[in-house]
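Participant:
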Amino acid sequence: MGSRPKRSSPLALRRLRDAFGPPEPPPVRDPFHVVAWESCAYLVDDGRRAEVYRALERRVGVEPAAIAAAPEAVLRAIPESGEMNLAGRADKLRRAAEIALSVGIDELRRSVRRSPVEARKILEKFPGIGDPGPALGQEAPWPSQYLRAAPPRR
Numbered sequence: 182m183g184s185r186p187k188r189s190s191p192l193a194l195r196r197l198r199d200a201f202g203p204p205e206p207p208p209v210r211d212p213f214h215v216v217a218w219e220s221c222a223y224l225v226d227d228g229r230r231a232e233v234y235r236a237l238e239r240r241v242g243v244e245p246a247a248i249a250a251a252p253e254a255v256l257r258a259i260p261e262s263g264e265m266n267l268a269g270r271a272d273k274l275r276r277a278a279e280i281a282l283s284v285g286i287d288e289l290r291r292s293v294r295r296s297p298v299e300a301r302k303i304l305e306k307f308p309g310i311g312d313p314g315p316a317l318g319q320e321a322p323w324p325s326q327y328l329r330a331a332p333p334r335r
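In our numbering, the protein residues as written are 182 to 335.
(1) Alpha carbons only, please: which of Pro245, Trp218 and Glu244 is nearest the one belonging to Glu232?
(2) Going by the beta-carbon positions, is the gap between Leu289 and Pro212 smaller than 8 Å?
(3) Using the three-state DSSP reduction, which class does Ile259 fall into: helix, strand or coil?
(4) Report, in whole angstroms, the separation of the C-beta atoms of Glu253 and Ala271, which I expect to be a contact under 8 Å.
(5) So, helix, strand or coil for Lys302, using DSSP?
(6) Just checking my contact of Cys221 with Leu282 at CB under 8 Å: how many whole Å lie between their CB atoms?
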C-alpha cells in the first residue's frame, strides 16, 4: 500500500473553497449561544435546528439565567413536533445553563478570547460538547471486546 502525499491545510482549504465556495458564517458566535444551538435539537438539519433555536430565543431567551428559570413544560415544548427526546433536550439545555451560571458567563466568554486550551477545558463541561466518546475516567458504553473484534477499516 503506497503512501499518499500530505497536503497542507491551506491548500486543502483553498481546494474546498474553490469547489464549494466560501463557508457560511456560523449562525451564532457567542460561546454559550453555540452550546444552546447544539443542545436545542437532535439529529436534525441546520434549517430545523435554526427554527428550534429561534423558538427558544423568542419564548425563553438564550441566556443561561433565562433557560435555567424557564418552566420544564416550556423547555419541552420548544422543539415542537418531530423532535426526538423532548425531555432530554430540555434537560440538556437546563444543565448547560446551570454550568454556564456556575462557571460564570463572563468567564466563559473571556476564556474563548484568551486561550483555546482554557476555553476547551470549560466547554468540555457542557453536555454534548467536546470530543466524542465517554468522558475521561468513564467506561465506554460498549464492551471493549466489541472494539477488538471489529475488523479494521481500510
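All C-beta atoms, glycine included, are put in the ideal place defined by N, C-alpha and C.
All figures in this text were calculated on a predicted structure; none of them were measured in a lab.
Facilitator: Reading from the atomic positions:
(1) Working through the sequence shown from its first residue, we reach residue 232 at position 51. When only C-alpha atoms are compared, the closest one is Trp218.
(2) One-based indexing of the sequence shown puts residue 289 at position 108. One-based indexing of the sequence shown puts residue 212 at position 31. Yes, the Cβ-Cβ distance between Leu289 and Pro212 is below 8 Å.
(3) Locating residue 259 in the sequence shown gives position 78, counting from the first residue. Ile259: coil per DSSP, three-state reduction.
(4) For the purposes of this step, residue 253 is taken as the residue at position 72 of the sequence shown. For the purposes of this step, residue 271 is taken as the residue at position 90 of the sequence shown. About 6 Å; that satisfies the 8 Å criterion.
(5) The sequence position of residue 302 within the sequence shown is 121, counting from 1. Three-state result, Lys302: helix.
(6) The residue given as residue 221 occupies position 40 in the sequence shown. The residue given as residue 282 occupies position 101 in the sequence shown. Going by Cβ atoms, the distance from Cys221 to Leu282 rounds to 18 Å, so no, they are not a contact pair.
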